[in-house]
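These notes are about the structure you will find just below.
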Amino acid sequence: MEALDLARWQFGITTIYHFLFVPLTIGLSVVVAALQTAWHRTGRVEYLRATRFFGKLFLINFAMGVVTGIVQEFQFGMNWSTYSTFVGDVFGAPLALEALLAFFLESTFIGLWIFGWDKLPKRVHLATIWVAAIGSNLSAYFILAANAWMRHPVGFEVNADTGRAQLTDIGAVLTNPQAWSTYLHVLGASFVVAGLFVVAVSAYRLWRHRDPDSEMFRKTLRAGLLTTVVAGAVVLASGDLQAKLMAQDEPMKLAAAEALWRTEAPTGFSLFAVGDVEGSRNVVNVQVPYVLSFLATGDPGGEVEGIVDLQERFEEQFGPGDYVPNVPVLYWAFRLMMGLGGAAIGVGVVGLWLTRRGRLPRHGWMYGVAMLGLPAALAANIAGWILTEIGRQPWTVVGQLLTAASVSPGVSLGQVAFSLTVFTLLYGALAVVEVRLLWRYVQAGPAHVTPDVEPGARVPAFTY
Numbered sequence: 001m002e003a004l005d006l007a008r009w010q011f012g013i014t015t016i017y018h019f020l021f022v023p024l025t026i027g028l029s030v031v032v033a034a035l036q037t038a039w040h041r042t043g044r045v046e047y048l049r050a051t052r053f054f055g056k057l058f059l060i061n062f063a064m065g066v067v068t069g070i071v072q073e074f075q076f077g078m079n080w081s082t083y084s085t086f087v088g089d090v091f092g093a094p095l096a097l098e099a100l101l102a103f104f105l106e107s108t109f110i111g112l113w114i115f116g117w118d119k120l121p122k123r124v125h126l127a128t129i130w131v132a133a134i135g136s137n138l139s140a141y142f143i144l145a146a147n148a149w150m151r152h153p154v155g156f157e158v159n160a161d162t163g164r165a166q167l168t169d170i171g172a173v174l175t176n177p178q179a180w181s182t183y184l185h186v187l188g189a190s191f192v193v194a195g196l197f198v199v200a201v202s203a204y205r206l207w208r209h210r211d212p213d214s215e216m217f218r219k220t221l222r223a224g225l226l227t228t229v230v231a232g233a234v235v236l237a238s239g240d241l242q243a244k245l246m247a248q249d250e251p252m253k254l255a256a257a258e259a260l261w262r263t264e265a266p267t268g269f270s271l272f273a274v275g276d277v278e279g280s281r282n283v284v285n286v287q288v289p290y291v292l293s294f295l296a297t298g299d300p301g302g303e304v305e306g307i308v309d310l311q312e313r314f315e316e317q318f319g320p321g322d323y324v325p326n327v328p329v330l331y332w333a334f335r336l337m338m339g340l341g342g343a344a345i346g347v348g349v350v351g352l353w354l355t356r357r358g359r360l361p362r363h364g365w366m367y368g369v370a371m372l373g374l375p376a377a378l379a380a381n382i383a384g385w386i387l388t389e390i391g392r393q394p395w396t397v398v399g400q401l402l403t404a405a406s407v408s409p410g411v412s413l414g415q416v417a418f419s420l421t422v423f424t425l426l427y428g429a430l431a432v433v434e435v436r437l438l439w440r441y442v443q444a445g446p447a448h449v450t451p452d453v454e455p456g457a458r459v460p461a462f463t464y
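Residue numbers (full-length UniProt numbering): 1 to 464.
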C-alpha cells in the first residue's frame, strides 16, 4: 500500500461523511423558511411551532456540516499539494465566491435568525431565514461548479512554463453545462432528503407520541411528502440530462457504470450483470433493450462507446496507461443510486395518497416505512457521489492531471495513516454527538422551543 491509496481513502471517507449533512442543510433551510412564511401569512401557532422545532434540528445539522467541511480544505494542502498547485488559479474564483458571498450570507443571516426572534420586526426576521437559505444554495452551486470543472475543464489554459492551469474565462467555469446539470441533480436530491427528514420525524412523533402537537405533525408530514415528490421529479429530469452529458464528456464512466465492454448500437440498459473484468466480458447480463441508447443519446438506436474501445482511444490520445475505473464499484453504485433513490421518492408518492383528505396511515408498519425513506435517500446520495468521483478515475482533472500525479510528494504512508486514524476517530465522535442531539430534541418535541399556545389558535402579528 502506498500513501496515494490511503490519501484517496481518507478523502473519500471524509467527503462522504461531510455530504451526509450537506443535502439536509440545503433542503431543510428552505423548508424552515417556508414554514415560517406560512406562520407569517396565517398566524397559526402550528406553523410557529413547526418552524422553531425543525429550525432547531436544522441548526444542529448546519453546525455539524460546517465542522466536517473544514477538514476538506485541510486535505488539499496535506495530501494533494500537486493537485492544489495545478488547479489553484482556476478554483480560486468559485471558492472565493463561495466563501465571501454565499457562506457569508448563510452564516451571518443564520445568526440574525437565531438571535432575532424577539428583537427584529417580524418581516425582517422572516427575511433573514430566506437569505440564509439562498446563501446555502448559492454555496452549493459554487462548490459544484469547481467540481464540474474537474470532470469537464473549460475556461482555462495550461501555462507551459509553470505547468499550472490558469483561469481565462470565469463565465465559462460558472456556466459549465456539467455545473448546471449537477447542481439541479444535487438540489433535487437535497430536497428529497430534507422532505424525507421532515416525514421521518413527523411519522415518528405521530406513531409514538400522543400529544397536542399531532395536528402540527400531520401538516408537516404532508408538507414533507409533497416536497419529496416535487424534488423527485427534478431528480429524474436532471438525471436524464446528466446521463447525456456523461456520454459526451465522460464516456468511460458511463461505459463502466453499465459494464458495457464493446461499442454497441442500439444498447440496452443493464438490470443485473455478472462480469469477468479480466476477460472484458459479461457472463450474465439482463437488459432492457434500447434504454441506454436513449438515455445516452436521446435516440433509441444510438451508439454508446464501450470500455475496450475507449481504452484504445485514450491510449492513443494520452499515452500508455490504464484508463478504466473500478467497473464493479461503478456498476453497483449506479444501481444503488437509482434503486434507493427511486424507493425514497416512492415513499413520497405513496405517502401522499395514503394521507389525502386529512387521513393518516392506520398501521404502525406504514410509519416505519416512512421513516426508512430517509436512510434510503441518504444512501442514494452517497452512491451517487461514489459514481461521480470514482468514475472520473484515473484523473483528478479529466484529460489534464492524473490522480497518481496529484498527491503530495513529501507525505509518507505513516503520516497519511496517522491523519486518517485521527479523522476517523474524530468523525466517529461527532457522529455520536449529532445523533444524540437530534434524538434528544425529536424526543422532546416542539414544547421546549415554542410558547404554550393552544393548537389551532391564531397568533397576533408581532411588532418586535
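For each residue, glycine too, the CB sits at the ideal point set by N, CA and C. All figures in this text were calculated on a predicted structure; none of them were measured in a lab.
Own chain residues within Cβ distance below 7 Å of residue i, not counting five before or after
i: residue 24; result: 61, 193, 194, 197
i: residue 246; result: 253, 254
i: residue 260; result: 267, 304, 306, 307
i: residue 40; result: 122, 126
i: residue 292; result: 258, 267, 268, 269, 304
i: residue 97; result: 142
i: residue 63; result: none
i: residue 364; result: 207
Own chain, CB closer than 8 Å to residue i, minus 5 neighbours either side, in chain order
i: residue 4; result: 403, 404, 407
i: residue 116; result: 124, 125, 128
i: residue 400; result: 86, 153, 158, 165
i: residue 340; result: 376, 377, 379, 380, 383
i: residue 334; result: 257, 258, 383, 387
i: residue 18; result: 65, 68, 69, 71, 72
i: residue 272; result: 284, 285, 286
i: residue 323; result: 252, 310, 311, 314, 315, 394
i: residue 151; result: 178, 249, 250, 388, 392, 398
i: residue 413; result: 1, 2, 3, 6
i: residue 385; result: 15, 16, 19
Exposure label - residue i; buried when at least 16 CB within 10 Å
i: residue 317; result: exposed
i: residue 143; result: buried
i: residue 328; result: exposed
i: residue 206; result: buried
i: residue 156; result: buried
i: residue 99; result: exposed
i: residue 337; result: buried
i: residue 80; result: buried
i: residue 421; result: exposed
i: residue 446; result: buried
Rounded straight-line distance, which links the Cα of residue j to that of residue i
i: residue 191; j: residue 174; result: 22 Å
i: residue 165; j: residue 7; result: 23 Å
i: residue 69; j: residue 57; result: 18 Å
i: residue 27; j: residue 287; result: 35 Å
i: residue 392; j: residue 275; result: 21 Å
i: residue 90; j: residue 395; result: 17 Å
i: residue 359; j: residue 351; result: 10 Å
i: residue 119; j: residue 189; result: 35 Å
i: residue 321; j: residue 309; result: 14 Å
i: residue 238; j: residue 269; result: 18 Å
i: residue 50; j: residue 218; result: 11 Å
i: residue 410; j: residue 418; result: 15 Å
i: residue 302; j: residue 43; result: 56 Å
i: residue 439; j: residue 368; result: 16 Å
i: residue 297; j: residue 243; result: 9 Å
i: residue 145; j: residue 208; result: 43 Å
i: residue 427; j: residue 433; result: 10 Å
i: residue 109; j: residue 346; result: 35 Å
Contact test: residue i Cβ vs the ligand NAD heavy atom, cutoff 6 Å
i: residue 367; result: Summarising the ligand content, the structure contains no ligands, and the ligand NAD is consequently not present.
Whole-angstrom C-beta distance between residue j and residue i, which should lie under 8 Å
i: residue 167; j: residue 199; result: About 43 Å separates the two Cβ atoms, so there is no contact after all.
i: residue 423; j: residue 10; result: 7 Å
i: residue 132; j: residue 105; result: 7 Å
i: residue 348; j: residue 236; result: That belief does not hold up - the Cβ atoms of residue 348 and residue 236 are roughly 12 Å apart, past 8 Å.
i: residue 31; j: residue 53; result: In fact, because the Cβ distance is near 12 Å, the residues do not count as touching under 8 Å.
Residues of its chain near residue i, where Cβ-Cβ distance is below 6 Å and the 5 sequence neighbours each way are ignored
i: residue 38; result: 47
i: residue 112; result: 128
i: residue 138; result: 102
i: residue 442; result: 201
Quiz prompt | Complete runs of the alpha helix (DSSP H) confined to the segment 66-100 [at least 4 residues] | solution = Runs of the alpha helix (DSSP H) lying entirely within the segment 66-100 and spanning at least 4 residues, in chain order: 81-97.
Exercise. Run through the segment 154-214 for me and flag every whole alpha helix (DSSP H) of 4 or more residues, listed as ranges in chain order.
Key: For the segment 154-214, whole alpha helix (DSSP H) runs of length 4 or above, ordered along the chain, are 170-174, 177-208.
Self-check item: Complete runs of the alpha helix (DSSP H) confined to the segment 109-163 [at least 4 residues]
Solution: Counting only runs of 4 or more, we get 122-151.
Exercise. Tell me the start and end of each unbroken beta strand (DSSP E) in the segment 23-47 that is at least 3 residues and wholly inside, in chain order.
Key: Annotation note: the segment 23-47 contains no uninterrupted beta strand (DSSP E) run of length 3 or greater.
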